[in-house]
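The listed protein sequences derive, respectively, from chains A and B.
For the first sequence, my numbering gives the first residue as 944, with consecutive numbering after it.
For the second sequence, my numbering gives the first residue as 4, with consecutive numbering after it.
Working notes, beginning with the structure itself.
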Amino acid sequence: QKEVEQNSGPLSVPEGAIASLNCTYSDRGSQSFFWYRQYSGKSPELIMSIYSNGDKEDGRFTAQLNKASQYVSLLIRDSQPSDSATYLCAVNMRAGSYQLTFGKGTKLSVIP
Amino acid sequence: EAQVTQNPRYLITVTGKKLTVTCSQNMNHEYMSWYRQDPGLGLRQIYYSMNVEVTDKGDVPEGYKVSRKEKRNFPLILESPSPNQTSLYFCATGQGAYEQYFGPGTRLTVT
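Now the structure itself:
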């Protein structure tokens, strides 16, 4: 069974702090990794994609990928109350396919 | 404006009454997919389509049908809905580097 695991949280951080969200996946051959943000009652919104080992930065967001450890993370710097949402990790486990396996999400709460 | 639209956004129906949820996209994406989202179970794929007339089952296809007769549309059909199909449904589209973009969702209640 191909799986993506996330801590369900809730993860609470104070405003201005760094939020660290983690995700592990079971298929060593996975190639593409995505982070989605989902506000309550809304649809998932793609915020980061990463395809190679290392860090990828976009504004206050940094995605980190370590394929050897089968681990992907999302760092949110200078967290804002508007960042409070559920963050979904998604992994493409089949080369040449669009099929994504989603984790169940980590709920982040940024406290003013 | 690039978008994925779903209709209806909310639907309450009764067991056994056939229904269709439409999904339409204006981004010329080849890939389209349907997911359901349930508390504690996360997002699970129902069906997907790589192109017109090409569809395949996802993880939870039982009780659902799809068709892809045109590139922009990918309707989800429930021939005989049951209460266990009460859920939040999302259509998604994709192109290029396997990124997917989600529609606004359809909240379905089957009584």
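Ideal Cβ placement from N, Cα and C applies to all residues, glycine included.
If you're wondering where the values come from, they're calculated on a predicted model, not measured in any experiment.
Use the C-beta contact count for residue i: other C-beta atoms within 10 angstroms, 16 or more gives buried, fewer gives exposed.
| i | result |
| --- | --- |
| B/ILE44 | Looking at the sequence provided, one finds Leu at residue 44 of chain B rather than Ile. Exposed. |
| A/ARG980 | buried |
| B/ILE49 | buried |
| B/THR109 | buried |
| A/PRO1055 | exposed |
| B/TYR104 | buried |
| A/SER955 | exposed |
| A/PRO987 | buried |
| B/VAL57 | exposed |
| B/ARG71 | buried |
| B/THR114 | exposed |
Would you report the Cα separation of residue i and residue j, rounded to the nearest angstrom?
| i | j | result |
| --- | --- | --- |
| A/GLU958 | A/ILE1019 | 11 Å |
| B/GLY29 | B/SER52 | According to the sequence as given, residue 29 of chain B is Asn; it is not Gly. In a straight line, the C-alpha of B/ASN29 is about 16 Å away from that of B/SER52. |
| A/TYR994 | A/PHE976 | 6 Å |
| A/LYS1056 | A/THR1044 | Because residue 1056 of chain A is not part of the residues shown, which for chain A are 944 to 1055, the question remains open. |
| B/TYR101 | A/LYS999 | 17 Å |
| A/ASN1009 | B/PHE77 | 36 Å |
| A/ASN996 | B/VAL7 | 31 Å |
| A/PRO953 | A/SER1027 | 10 Å |
| A/GLN1007 | A/MET991 | 10 Å |
| A/TYR982 | A/ARG971 | 30 Å |
| A/LEU1017 | A/TRP978 | 8 Å |
Under three-state DSSP, which class holds residue i?
| i | result |
| --- | --- |
| B/GLN98 | strand |
| A/PRO1024 | helix |
| A/GLN1013 | coil |
| A/GLN981 | strand |
| B/ASN115 | Chain B is shown from 4 up to 114; residue 115 of chain B falls before or after that span and cannot be answered. |
| A/ILE1019 | strand |
| A/MET1036 | coil |
| A/MET991 | strand |
| B/LEU44 | coil |
| A/GLU1000 | strand |
| A/LEU957 | For the record, residue 957 of chain A in the displayed sequence is Pro; it is not Leu. Correct three-state label for A/PRO957: strand. |
Closer than 8 Å by beta-carbon distance: list the chain A residues that pair up with residue i, in chain order.
| i | result |
| --- | --- |
| B/GLU102 | PHE977, LEU989 and SER992 |
| B/TYR34 | TYR1041 |
| B/GLN48 | GLN1042 and LEU1043 |
| B/PRO107 | LYS985 and SER986 |
| B/TYR51 | TYR1041 and GLN1042 |
Which bits of chain A does residue i rub up against, with CB to CB less than 9 Å?
| i | result |
| --- | --- |
| B/PHE77 | Those do not exist, as B/PHE77 stays about 13 Å from chain A at its closest Cβ, beyond 9 Å. |
Worksheet item: Is the stretch 77 to 93 of chain B touching the stretch 34 to 51 of chain B in the sense that three or more CB pairs, one from each, lie closer than 8 Å?
Response: yes
task = Answer yes if the stretch 999 to 1014 of chain A comes into contact with the stretch 17 to 27 of chain B, meaning at least three C-beta pairs across the two stretches below 8 Å, and no otherwise.
result = no
Please determine if the stretch 966 to 976 of chain A and the stretch 1015 to 1033 of chain A are in contact, where contact requires at least 3 C-beta pairs separated by less than 8 Å. yes
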